[in-house]
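Sequence lines, in order, name chains A and B. Start counting the first sequence at 0; every next residue gets the next number (numbering that gives the first Met the number 0). Start counting the second sequence at 0; every next residue gets the next number (numbering that gives the first Met the number 0). For glycine and all other residues, C-beta sits at the position ideal for the given N, C-alpha and C.
Number of protein chains: 2
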Amino acid sequence: MTELKLIDWLRRQPGTKGIGDDCFIFSDLVFTTDMMVEGVHFEQSDEPEAVGCKTLARGLSDIAAMGATPRFCLLSLAIPAWATEAWTKRFYKGLLKHKVPLTGGDLSHASQLVCDIMVCGQVAKGKALRRDGAKPGDHIYVSGDLGGNARDHFKRAPEPRLALGRKLIGKATACMDISDGLSLDLHRLCLASGVSADLDTIPVATGATMDQALHGGEDYELLFTSRIPLQLTGIKRIGTIRKGKPGVVKLDGKPLKPAGYDHFQ
Amino acid sequence: MTELKLIDWLRRQPGTKGIGDDCFIFSDLVFTTDMMVEGVHFEQSDEPEAVGCKTLARGLSDIAAMGATPRFCLLSLAIPAWATEAWTKRFYKGLLKHKVPLTGGDLSHASQLVCDIMVCGQVAKGKALRRDGAKPGDHIYVSGDLGGNARDHFKRAPEPRLALGRKLIGKATACMDISDGLSLDLHRLCLASGVSADLDTIPVATGATMDQALHGGEDYELLFTSRIPLQLTGIKRIGTIRKGKPGVVKLDGKPLKPAGYDHFQ
Chain A
0 MTELKLIDWL RRQPGTKGIG DDCFIFSDLV FTTDMMVEGV HFEQSDEPEA VGCKTLARGL
60 SDIAAMGATP RFCLLSLAIP AWATEAWTKR FYKGLLKHKV PLTGGDLSHA SQLVCDIMVC
120 GQVAKGKALR RDGAKPGDHI YVSGDLGGNA RDHFKRAPEP RLALGRKLIG KATACMDISD
180 GLSLDLHRLC LASGVSADLD TIPVATGATM DQALHGGEDY ELLFTSRIPL QLTGIKRIGT
240 IRKGKPGVVK LDGKPLKPAG YDHFQ
Chain B
0 MTELKLIDWL RRQPGTKGIG DDCFIFSDLV FTTDMMVEGV HFEQSDEPEA VGCKTLARGL
60 SDIAAMGATP RFCLLSLAIP AWATEAWTKR FYKGLLKHKV PLTGGDLSHA SQLVCDIMVC
120 GQVAKGKALR RDGAKPGDHI YVSGDLGGNA RDHFKRAPEP RLALGRKLIG KATACMDISD
180 GLSLDLHRLC LASGVSADLD TIPVATGATM DQALHGGEDY ELLFTSRIPL QLTGIKRIGT
240 IRKGKPGVVK LDGKPLKPAG YDHFQ
């Protein structure tokens with residue numbers, strides 16, 4: 000079982016709908032959940048404020064990818080015996096740093112710490128950015144250098160690109176955030192849009208390897224496409240959308256395997 | 000640290016709001032999250048359909064407690080190595096039995112299976128049932144017998160009281176679902192309303208003990224108060240709201256300790 004296959008199976012089940020974008024769109028609201036597990040997304044030894052901050056930042060990155068503005072969040076938290084009252088309070092303080100109202104959630108206990116954030120964002124009805132609008136000829140962009148978080152062993156605090164997301168409303172034809180790595184996430188965007196992609200320039204973060212930039216994951220930069228060239232501070236053009244087998248991504252003419260992070264591999 | 004104390008601390012933090020009801024109210028929508036952990040809320044040996052069904056049922060019970068109608072849900076799932084593809088698909092099928100659209104979520108892996116459901120419900124603006132409206136003299140009701148799930152070692156599928164919740168709009172002065180046990184949940188309702196309560200009649204499920212009915216938890220019946228006597232099929236009057244020290248619950252005149260389930264005790 001791979002994540003892609005399980006999600007594909009889910010989308011085909013009667014009773015599911017809207018699965019596939021970074022958020023689910025309901026009228027002028029968008030919704031995402033993001034789960035972090037001790038030993039997978041963070042370690043016991045990490046600063047609790049940083050873990051709390053990252054939890055919400057990951058959800059906010061999905062909100063940014065829709066061009067939305069965050070309104071509130073709910074947090075479910077399963078606490079293991081090692082997490083003291085002081086640890087837990089520092090975790091919440093890190094989460095609250097984002098100034099997004101925390102309005103509820105659930106508490107439980109487990110052997111590993113698990114936290115799941117639900118974030119609700121707002122965006123003009125019908126205007127939310129989606130993954131499925133890329134067309135042949137569109138320019139492909141990312142919002143910054145890639146591979147930096149893999150280089151730093153995933154210790155960097157993600158900076159959700161909320162302001163850029165809002166600017167892309169009406170401009171980007173497709174948008175998502177890079178959470179699992181460019182090669183896998185661009186593959187997903189291309190699958191959703193029914194197109195393929197030619198990459199020519201990869202903006203590799205200083206000190207990172209090309210492999211980390213392509214497949215490293217947790218960069219939380221926005222990946223988006225546009226019909227016309229865009230002039231926005233910090234964005235980098237990386238290639239062109241092509242007509243072709245849906246989901247195929249090439250780098251300098253050679254097929255690039257979607258080799259990003261898969262939880263079940 | 001107790002759950003009550005942590006939640007009390009959270010409510011006093013700048014940046015939190017609306018914490019305390021079964022759901023967070025945002026315009027005409029209500030939101031809840033509910034987390035289930037392997038070994039705490041279910042066992043590996045349980046039928047996967049039953050685990051999936053229970054996951055959403057617990058969230059739907061919160062929606063019922065607000066008098067709302069469920070609109071959609073998102074599920075975050077951390078899958079351990081023991082949960083095969085077949086197990087996972089059967090789990091989702093159990094969840095989808097409730098006919099509430101599953102519209103997104105997240106996937107991860109962990110050593111224990113952890114699932115967190117977010118449910119969104121809809122209710123006329125300003126009409127959602129809350130915990131803080133009980134007044135001295137109000138009648139206290141439950142929607143059915145208590146202790147049955149504790150008697151059955153928590154294997155019963157909860158039946159969310161959605162139809163009853165909708166009927167209570169405009170009638171109940173306060174409402175919540177009994178997830179952690181009558182003694183603890185009524186204590187919470189009384190604290191939120193700034194009142195105390197006198198219980199006189201406890202509807203004990205056949206074969207259950209009085210202790211299971213008072214403190215057993217996971218009954219998922221509605222606990223609600225009303226200014227006037229209510230005649231609704233299946234509901235049972237259990238006592239009266241009194242002026243007194245907020246949160247104090249008495250049974251037959253004797254103080255009843257809030258001894259329901261606490262995840263951190």
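Item	Value
With DSSP as the reference, please indicate the residues paired to Pro69(B) in a beta bridge.	Gly120(B)
8 Å is my cut-off, CB to CB: does Trp81(B) come that close to chain E?	Although the question refers to chain E, the structure presented lacks it and instead comprises the protein chains A and B.
Under 8 Å, Cβ to Cβ, is there at least one residue of chain A near Val247(B)?	no
To be precise: take each residue of the region 96–108 of chain A, compare its Cβ to all Cβ atoms of chain B, and keep it if any distance is under 7 Å. Which residues remain?	Lys98, Pro100, Leu101, Thr102, Gly103, Gly104, Asp105, Leu106, Ser107 and His108
Less than 8 Å between CB atoms is the rule here; does Tyr219(B) satisfy it with respect to chain A?	no
Suppose the cutoff is 8 Å on Cβ atoms and the five residues either side in sequence are ignored; what does the same chain contact list for Leu145(A) look like?	Ile177, Leu181, Ile201, Pro202, Val203, Ala204, Ala207, Gln211, Ala212, Leu213, Gly215, Asp218 and Glu220
At a cut-off of 7 Å, would you count Gly238(A) as near the ligand GTP, judging by its Cβ distance to the nearest heavy atom?	Annotation note on the ligand GTP: not contained in the displayed structure, which lists no ligands.
Tell me, please, whether the CB atom of Leu183(A) is closer than 8 Å to any CB atom in chain B?	no
Per the contact definition of three or more C-beta pairs closer than 8 Å, is the region 62–76 of chain B in contact with the region 22–38 of chain B?	yes
Measure the C-alpha to C-alpha separation of Gly93(B) and Cys52(B) and round it to an integer number of angstroms.	5 Å
When you compare each of Gly58(B), Asp20(B), His186(B) and Cys72(B) to Glu158(B) by their alpha carbons, which one comes out closest?	Gly58(B)
Which of the three DSSP states, helix, strand or coil, is assigned to Leu5(B)?	helix
What are the partner residues of Ile78(A), as DSSP defines its beta bridges?	His108(A)
Let me know the secondary structure DSSP gives Gly243(A) once reduced to three states.	coil
Have a look at Ile62(A) and Lys166(A) and give me their C-alpha separation to the nearest angstrom.	13 Å
If you check the beta carbons only, do Gly104(B) and Leu73(B) fall under 8 Å apart?	yes
Which of helix, strand or coil does DSSP assign to Pro254(A)?	strand
Quick check: the Cα distance between Leu76(B) and Ser107(B), rounded to an integer number of angstroms?	6 Å
Could you name the residues of the same chain whose beta carbon sits closer than 7 Å to that of Trp86(B), not counting the 5 residues immediately before and after it, in chain order?	Pro47
Kindly indicate which three-state DSSP category Met0(A) falls into: helix, strand or coil?	coil
With 16 as the cutoff for other CB atoms within 10 Å, does Gln111(B) come out buried or exposed?	buried
So, with DSSP's three-state summary, where would you put Gly103(A)?	strand
Would you please verify whether the beta carbon of Leu167(B) is less than 8 Å from any beta carbon of chain A?	no
Based on Cα-Cα distance, which residue from Ala56(B), Leu190(B), Ile234(B) and Met34(B) lies nearest to Lys242(B)?	Leu190(B)
Just the Cα atoms here: how many angstroms apart are Leu101(B) and Gly164(B)?	22 Å
Would you say Leu265(A) and Lys249(A) are within 8 Å of each other, going by their C-beta atoms?	Because chain A here runs from 0 to 264, residue 265(A) falls outside it and cannot be looked at.
Tell me the rounded alpha-carbon separation between Met35(A) and Ile240(B).	42 Å
Taking all protein chains shown into account, decide if Arg160(B) is buried (16 or more other Cβ within 10 angstroms of its Cβ) or exposed.	buried
Verify the CB distance criterion: does Val36(B) have a CB-CB separation below 8 Å to chain A?	yes
Once the 5 residues before and after Trp140(A) are set aside, which same chain residues still bring their CB inside 6 Å of it?	Before going on, a small fix: residue 140(A) reads as Tyr here, not Trp. Excluding residues within five positions, the ones whose Cβ falls inside 6 Å are Phe223, Ile234 and Arg236.
Whole angstroms are fine: how far does the CA of Leu183(A) sit from the CA of Lys256(A)?	8 Å
Name, in chain order, the residues that DSSP records as bridge partners for Leu221(A).	Asp176(A)
Pull up the DSSP beta-bridge partners for Met35(A), would you.	Cys114(A)
Please compile the residues from chain B whose C-beta is within a distance smaller than 7 Å of the C-beta of Val113(A).	Ala77, Ala109 and Val113
Any beta-carbon of chain B closer than 8 Å to the one on Gly125(A)?	no
Pull up the CB-CB distance for Thr54(B) and Ile116(B), whole angstroms please, since I reckon it's below 8 Å.	5 Å
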